[in-house]
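Q: Below are the structure tokens for one structure; questions will follow.
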Amino acid sequence: MNEEILINVTPEETRVALLENGVLQEILIERATHLGIVGSLYKGRVLRVLPGMQAAFVDIGLERSAFLHVADMREARLGGSESADLETDGEGPQVTGKLEKIESLLQEGSEILVQVIKDALGSKGARLSTQISIPSRFLVFLPGLDHIGVSARIEDEAERRRLRALVTQLRDQGLPGGYIVRTAGEGTSNEAIARDMAMLHRIWRAIGQRMTDTPAGQRIHDDLPLALRTLRDLGGTQVERVRIDSPEMYEQALRFAETFFPDHNVEINLYASERPIFDLYAVEDEIQRALERKVPLKSGGYLVIDQTESMTTIDVNTGGYVGYRNLEETIFRTNLDATQAIARQLRLRNLGGIIIIDFIDMEDPEHRIQVVRALEKCLERDPARTKISAVSPLGLVEMTRKRIRESLGHILCDPCPMCNGRGYVKSIETVCFEILREVQRAARQCDTRDLLVLASDAVIDRLLEDKTVHLAELEQHVGRPIRLQRQSVYHNEQFDVVML
């Protein structure tokens, strides 16, 4: 599979597009006004400890206090020792075991080293962890642990044993700590692994010094900027070429690659054409389509994707697809087609959390099993961790996808000022009846000579067209004239009743 990365850099924004065979699969955006902080380390001060939630609010210098749950505290899982059962899932550590109470670990006013594991999303503050992990190209360093793991995506058992033995040997020679070998480490030379371990220890020593010298509420370590982070994380992928449209970033990328992975085989090119880089492969058009609710399928069916605060729902429809020789086969083929589109849209839109998929009802149990398997297969290349359930009795598939940053829609869009994010507005008829009721309410409250209704053109037209009799009756009922005045700047839900 031919993979390519396009990097578009401006002073205010960096955008990274990952393409597979010319088709956009993932888009990452980092803006100067809203830089992501996932992976950054802070010296925090505990503001409140909440035993009822087994969590704490921590001040790390952001607008909103950050959230630390006891499940994200290494101290709670280890019980003060390093003998806990630590498992690896993909690239990151997961520690299992009984949790201690947060009130026995933290006190209000205490200062702690924390790492951001989720950006602030919506009204929620950033989520923190004391399980510090520092990634490099081939390794993830886990300070304070004594565990060595290998990414589950490295399947060759001989290679897994080689890597585990190598890291163990280097650790015992003076580079203590826990390590997880990333997917990029497969087939990597001993010298490259040793260089990565030494570099990680230099970073950790610098963090320790800054932790001592820095006041609480300050950042003490940043992850790399988006463009360089993309290059660092190329390992384990099939990316053949990276194109960058900024000469300055191109030079930085070359120096970064030569310093940290001189043996890389990815072609890094400067894109100097007058044509915008994202016009290649119609990336801009794909981004616009990723903001729409309706997603067409190749078969003629379509998806409807709705994102709410608590979950994302995906509805599968046959649309204009008349399909095969019988209804069950048509439904089955449409659902299979939908699995590929769903996997791509989840990654492209960066949809996370709880996801409910309403596939078209299938009578054949084997068809339901095959559709879930096809969805799992399509999600294998997704770098975000996913978990899928079987088809429920209601025909729904429940799944989760790890979410660490805002979705594409939340980054690029604001709630509609007309409907305040509801996705719909009141009908003109409904607004007219509201105006009539408001007129009665105003007439009862104040003894005025006239009543003036200010509303949009469409609402005034409807009042004059359909409600003339009602207005005449209302004027007689309230005992005073009612005047109408157009306000072209008003939207259809907006009106005022003014007492003159």
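Per the UniProt record's numbering: the sequence shown = residues 1 to 500. Glycine included, every Cβ here is placed at the ideal spot set by N, Cα and C. As the structure is a computational prediction, the values presented were derived from the model and not from experiment.
1) Here's a check: name, in chain order, each residue in its chain whose Cβ is nearer than 7 Å to the Cβ of R486, leaving out the five neighbours to either side.
2) Quickly, what does DSSP pair G353 with across the bridge? List them, please.
3) Using only CA atoms, which one of G409, L47, I29 and D263 lies nearest to I305?
4) Could you compute how far the alpha carbon of A443 sits from the alpha carbon of V478?
5) Quick check: the Cα distance between L396 and A194, rounded to an integer number of angstroms?
6) For E329 and F359, what's the separation of their Cα atoms in angstroms?
7) Runs of 3 residues minimum, wholly inside the region 176-227: which ones carry the beta strand (DSSP E) assignment?
8) Does DSSP put L396 in a helix, a strand or coil?
9) Per the DSSP calculation, H34 is bridged to which residue(s)?
10) Output yes or no for whether 8 Å exceeds the beta carbon distance between residue 519 and L452.
11) Say whether the region 373-388 touches the region 425-435, bearing in mind that this needs 3 or more beta-carbon pairs closer than 8 Å, one atom from each stretch.
12) Distance check for V114 and L175, CA to CA, integer angstroms please.
13) So L145 and G177 are in contact, right, with Cβ under 8 Å, and what is the actual spacing, rounded?
14) Can you give me the C-alpha to C-alpha distance between D85 and G149, rounded to a whole angstrom?
15) Indicate the three-state DSSP secondary structure (helix, strand or coil) for A455 in the structure shown.
16) Using a Cβ distance threshold of 8 Å, determine whether the region 212-230 contacts the region 32-40, with at least three qualifying pairs required.
17) Tell me, please, whether the region 246-257 touches the region 15-25 by the rule of three or more beta-carbon pairs shorter than 8 Å.
18) Note the first and the last residue of the continuous beta strand (DSSP E) segment covering R127.
19) Which first and last residues belong to the beta strand (DSSP E) in which K294 is found?
20) Use the C-beta contact count for V489: other C-beta atoms within 10 angstroms, 16 or more gives buried, fewer gives exposed.
21) Sort out for me which residues DSSP pairs Q485 with in a bridge.
22) In chain order, what residues of the same chain have a beta carbon less than 8 Å from the beta carbon of P415, not counting five sequence neighbours either side?
23) Can at least three beta-carbon pairs, one atom from the region 269-279 and one from the region 3-10, be found at a separation below 8 Å?
24) When DSSP builds the beta bridges, which residues end up paired with H69?
25) Buried or exposed: which applies to N265, given that a residue is buried once 16 or more other Cβ atoms fall within 10 Å of its Cβ?
26) Assign T312 to one of three DSSP states: helix, strand, or coil.
27) From Q476 to N492, what does the alpha carbon distance come to, in whole angstroms?
28) Less than 8 Å between the CB atoms is what I'm expecting for D315 and L346, so what's the real figure, rounded?
29) If I measure Cβ to Cβ from S407 and keep anything under 8 Å in the same chain, skipping five residues before and after, which residues do I get?
30) When DSSP builds the beta bridges, which residues end up paired with N317?
31) Pull up the CB-CB distance for I154 and I203, whole angstroms please, since I reckon it's below 8 Å.
32) Have a look at A341 and D279 and give me their C-alpha separation to the nearest angstrom.
33) Whole angstroms are fine: how far does the CA of L128 sit from the CA of V372?
34) Excluding the 5 residues flanking V283 on each side, which residues of the same chain have their C-beta closer than 7 Å to its C-beta?
35) If the criterion is Cβ atoms closer than 8 Å, does the pair F256 and T188 meet it?
36) For the candidate residues L463, L471 and D447, whose alpha-carbon lies nearest to that of L500?
A: Let's see:
1) In the sequence shown, counting from the first residue as 1, residue 486 sits at position 486. Taken in chain order, the residues that qualify are D457 and I460.
2) Taking the sequence shown and counting its residues from 1, the one referred to as residue 353 is at position 353. Looking at the DSSP assignment, G353 forms a beta bridge with R401.
3) Within the sequence shown, the letter at position 305 stands for residue 305. The candidate whose alpha carbon is nearest that of I305 is G409.
4) Working through the sequence shown from its first residue, we reach residue 443 at position 443. Working through the sequence shown from its first residue, we reach residue 478 at position 478. Looking at the two C-alpha atoms, the distance is approximately 6 Å.
5) In the sequence shown, the residue the question calls residue 396 occupies position 396. In the sequence shown, the residue the question calls residue 194 occupies position 194. Straight-line Cα distance between these residues: approximately 48 Å.
6) Against the sequence shown, residue 329 aligns to sequence position 329. Against the sequence shown, residue 359 aligns to sequence position 359. For E329 and F359, the distance between alpha carbons rounds to 14 Å.
7) Counting only runs of 3 or more residues that sit fully inside the region 176-227, the beta strand (DSSP E) segments are 178-181 and 218-221, in chain order.
8) Walking along the sequence shown from the start, residue 396 turns up at place 396. Of the three classes helix, strand and coil, the one that applies to L396 here is strand, per DSSP.
9) Counting from 1 along the sequence shown, the entry for residue 34 is found at position 34. H34 pairs with R31.
10) In the structure as shown, the chain starts at 1 and stops at 500, and residue 519 therefore has no counterpart that could be examined.
11) Touching, no, given that fewer than three Cβ pairs across the two stretches are closer than 8 Å.
12) Taking the first residue of the sequence shown as 1, we reach residue 175 at position 175. Taking the first residue of the sequence shown as 1, we reach residue 114 at position 114. Using only the alpha carbons, I get a separation of about 22 Å.
13) Stepping through the sequence shown from its first residue, residue 145 is reached at position 145. Stepping through the sequence shown from its first residue, residue 177 is reached at position 177. Right, their Cβ atoms sit about 6 Å apart.
14) Taking the first residue of the sequence shown as position 1, residue 85 is located at position 85. Taking the first residue of the sequence shown as position 1, residue 149 is located at position 149. Annotation note: pLDDT 39 at D85 (below 50); position unreliable, coordinate value reported separately. Here the alpha carbon of D85 sits roughly 12 Å from the alpha carbon of G149.
15) Your numbering for residue 455 matches position 455 in the sequence shown. DSSP places A455 in strand when its eight states are reduced to three.
16) Yes, since at least three Cβ pairs between the region 212-230 and the region 32-40 fall closer than 8 Å, the two stretches touch.
17) No, they do not touch.
18) Residue mapping note: residue 127 aligns to position 127 of the sequence shown, counting from 1. According to the DSSP assignment, R127 belongs to the beta strand (DSSP E) that extends over R127 to S129.
19) Here the question's residue 294 lines up with position 294 in the sequence shown. It spans K294 to P296 - the beta strand (DSSP E) in which K294 sits, taken as one unbroken run.
20) The residue labelled residue 489 in the question sits at position 489 within the sequence shown. It is exposed - the Cβ of V489 has fewer than 16 other Cβ atoms within 10 Å.
21) Along the sequence shown, read from residue 1 onward, the residue named residue 485 stands at position 485. L454.
22) Taking the sequence shown and counting its residues from 1, the one referred to as residue 415 is at position 415. G421.
23) Segments in contact, yes.
24) Within the sequence shown, the letter at position 69 stands for residue 69. Partner(s): A55.
25) For this step, residue 265 is matched to residue 265 along the sequence shown. Taking every protein chain shown into account, the CB of N265 has fewer than 16 other CB atoms within 10 angstroms, so this residue is exposed.
26) The count along the sequence shown starts at 1 and reaches residue 312 at position 312. Assigned with DSSP and collapsed to three states, T312 falls in strand.
27) Indexing the sequence shown from 1 puts residue 476 at position 476. Indexing the sequence shown from 1 puts residue 492 at position 492. If you draw a straight line from the Cα of Q476 to the Cα of N492, it is about 27 Å long.
28) Sequence index remark: in the sequence shown, residue 315 carries index 315 (1-based). Sequence index remark: in the sequence shown, residue 346 carries index 346 (1-based). Their Cβ separation, rounded to whole angstroms, is 14 Å, which puts D315 and L346 out of contact at 8 Å.
29) The residue given as residue 407 occupies position 407 in the sequence shown. Here the set comprises Q307, R349, N350, L351 and G352.
30) Along the sequence shown, read from residue 1 onward, the residue named residue 317 stands at position 317. In DSSP, N317 forms a bridge with Y302.
31) As a working mapping, residue 154 is identified with position 154 in the sequence shown. As a working mapping, residue 203 is identified with position 203 in the sequence shown. Going by Cβ atoms, the distance from I154 to I203 rounds to 24 Å, so no, they are not a contact pair.
32) Position 341 of the sequence shown, counted from the first residue, corresponds to residue 341. Position 279 of the sequence shown, counted from the first residue, corresponds to residue 279. A341 and D279 have their C-alpha atoms roughly 22 Å apart.
33) If you number the sequence shown from 1, residue 372 lands on position 372. If you number the sequence shown from 1, residue 128 lands on position 128. Whole-angstrom Cα-Cα distance: 33 Å.
34) The residue given as residue 283 occupies position 283 in the sequence shown. Scanning its chain for C-beta atoms nearer than 7 Å, with the 5 sequence neighbours on each side dropped, one finds around V283 the residues L6, A17 and L24, in chain order.
35) Translated into positions along the sequence shown, residue 256 becomes position 256. Translated into positions along the sequence shown, residue 188 becomes position 188. No, these two residues do not count as a Cβ contact at 8 Å.
36) The residue given as residue 500 occupies position 500 in the sequence shown. Checking every option, the nearest Cα to that of L500 belongs to D447.
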